[in-house]
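Numbering (this note's numbering), first residue to last: 30 to 189.
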């Protein structure tokens, strides 16, 4: 893997701000994805979520539920850890775009009407993380330093 690609994927000078965005949003997304994948916390699991997705035209429903649930669950965990933050955030941002335009846009903005405000908020955070990366307190920073062959004692900000 080239140094330029490694730096593009992993390096970030976002500081603490990315951590403040990553951890709570990652936890919420992981929990939401676990509802789709495993039926935890009142979710319907893959079978039920897949049937619902098929009913709104996202076919094949089971596969769509698997993809959306995996993006949210595994992407959310990646955000919490700050591991491959940019790719994880990008996949989640695309998932939120699908959610907005397939489910929520016709209900208007407000969540109380099943609108898109919540998905739009998640889209905004994940788009920002796609651009800025995981920040100085992310596993991406440690991985970047290790792949560059540098000494890895602690997480240090890397300038891009």
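Glycine is no exception: its CB is placed at the ideal position from the N, C-alpha and C atoms. Remember, predicted model here, so these are calculated numbers, not experimental data.
What does the Cβ neighbour count give for residue 34, buried or exposed, with the cut at 16 atoms within 10 Å? Counted from its first residue, the chain shown places residue 34 at position 5. Exposed.
How would you write the range of the alpha helix (DSSP H) that residue 61 sits in, first residue to last? Within the chain shown, residue 61 is the residue found at index 32, counting from 1. Taken as a continuous stretch (DSSP letters only), the alpha helix (DSSP H) holding residue 61 covers 45 to 67.
Return yes when the Cβ of residue 65 is within less than 8 Å of the Cβ of residue 47, no when it is not. Translated into positions along the chain shown, residue 47 becomes position 18. Translated into positions along the chain shown, residue 65 becomes position 36. It is not a contact, given that the beta carbons lie outside the stated cut-off.
Please list the terminal residues of the continuous alpha helix (DSSP H) segment that includes residue 173. As a first step, residue 173 must be located in the chain shown, where it is residue number 144. Here the alpha helix (DSSP H) through residue 173 covers 168 to 176.
Rank 103, 146, 98 and 127 by C-alpha distance to the C-alpha of residue 68 and give the top, closest one. Position 39 of the chain shown, counting from 1, holds the residue named residue 68. It is 98 whose Cα lies nearest to the Cα of residue 68.
Would you say residue 158 and residue 101 are within 8 Å of each other, going by their C-beta atoms? Translated into positions along the chain shown, residue 158 becomes position 129. Translated into positions along the chain shown, residue 101 becomes position 72. Not closer than 8 Å, so no.
Between the segment 81 to 93 and the segment 137 to 154, can you find at least three pairs of beta-carbon atoms closer than 8 Å? Below 8 Å, too few C-beta pairs join the segment 137 to 154 and the segment 81 to 93 to call them touching: fewer than three.
Determine the contact status of residue 117 and residue 128, defining contact as a CB-CB distance below 8 Å. Within the chain shown, numbered from 1, the residue matching residue 117 stands at position 88. Within the chain shown, numbered from 1, the residue matching residue 128 stands at position 99. No.
Exposed or buried, residue 41, counting other C-beta atoms within 10 Å across all chains shown (16 or more means buried)? Residue mapping note: residue 41 aligns to position 12 of the chain shown, counting from 1. A residue is called buried once 16 or more other Cβ atoms fall within 10 Å of its Cβ, and residue 41 is buried on that count.
Using only the alpha-carbon positions, how far apart do residue 103 and residue 121 sit? By one-based count along the chain shown, residue 103 stands at place 74. By one-based count along the chain shown, residue 121 stands at place 92. C-alpha separation (whole angstroms): 10 Å.
Which whole-angstrom value is the C-beta distance of residue 105 and residue 163, which I expect to be below 8 Å? Your numbering for residue 105 matches position 76 in the chain shown. Your numbering for residue 163 matches position 134 in the chain shown. About 13 Å separates the two Cβ atoms, so there is no contact after all.
Within the same chain, show all residues whose beta-carbon is closer than 6 Å to that of residue 137, passing over the 5 residues directly before and after it, in chain order. In the chain shown, residue 137 corresponds to position 108, counting from 1. Around residue 137: 144.
Quick one, are the C-beta atoms of residue 109 and residue 52 less than 8 Å apart? Taking the first residue of the chain shown as 1, we reach residue 109 at position 80. Taking the first residue of the chain shown as 1, we reach residue 52 at position 23. The beta carbons of residue 109 and residue 52 sit closer together than 8 Å.
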